[in-house]
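Step one of this worksheet: look at the structure below.
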């Protein structure tokens with residue numbers, strides 16, 4: 008019984024010592040702004056170029072994110088580009104802690120929408136979508152789809 012009390016006292020002393028020796032974690036200072044880039048299917052876009060005021064600041068990671076050091080608030084123009092996708096540009100006031108979300112459509116996305124509109128006999132919508140797709144990438148099958156849409160409009 009006496010050994011059991013001694014063991015509990017030692018254990019209590021060690022536990023108390025551990026609690027007292029723990030230092031509190033300092034509060035993290037937020038000194039960056041964040042950019043998150045997705046496509047219209049809400050998938051992250053890796054390697055999208057992020058451009059601030061005409062200067063590329065980096066590319067997004069595999070999760071579609073980019074962190075950029077930012078010390079004070081400033082008004083800026085931000086552009087996001089990726090091959091095979093439309094470019095997106097906006098003016099924003101950025102400051103530490105700002106999170107900017109961008110959604111970008113691919114040429115394939117717009118070509119698929121054009122086909123859907125064509126199936127629904129929405130020819131103006133189909134033409135608008137296929138022209139957007141061709142503005143991103145000039146593919147022969149999309150040019151062919153455009154000719155079909157125009158032929159259907161003439162009927």
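Residue numbers (this note's numbering): 8 to 162. Beta carbons are placed, not taken as given, at the ideal position from N, Cα and C, and that holds for glycine. The model shown is predicted, which means the values in this text are computed figures rather than measured ones.
Secondary structure note for residue 69: it is in no alpha helix (DSSP H), with a DSSP letter that is neither H nor E. Proximity of the region 129-144 to the region 95-110 falls short of the contact definition, fewer than three beta-carbon pairs being nearer than 8 Å. In the pairwise beta carbon analysis, the region 115-124 is classified as touching the region 150-158: at least three pairs are separated by under 8 Å. With contacts defined by Cβ atoms closer than 8 Å, residue 38 and residue 103 form a contacting pair. For residue 140, the uninterrupted alpha helix (DSSP H) run begins and ends at 130-143, by DSSP. Assigned with DSSP and collapsed to three states, residue 56 falls in strand. Excluding sequence positions up to five before and after residue 106, its CB lies within less than 6 Å of the CB of 41, all in the same chain and listed in chain order. Residue state for residue 47 is assigned as coil, using DSSP reduced to three classes. Boundaries of the alpha helix (DSSP H) harbouring residue 159: 147-161, taken from the DSSP string. Annotation for residue 66: 54 and 56 place their beta carbon closer than 6 Å to its own, counting only its chain and skipping 5 residues before and after.
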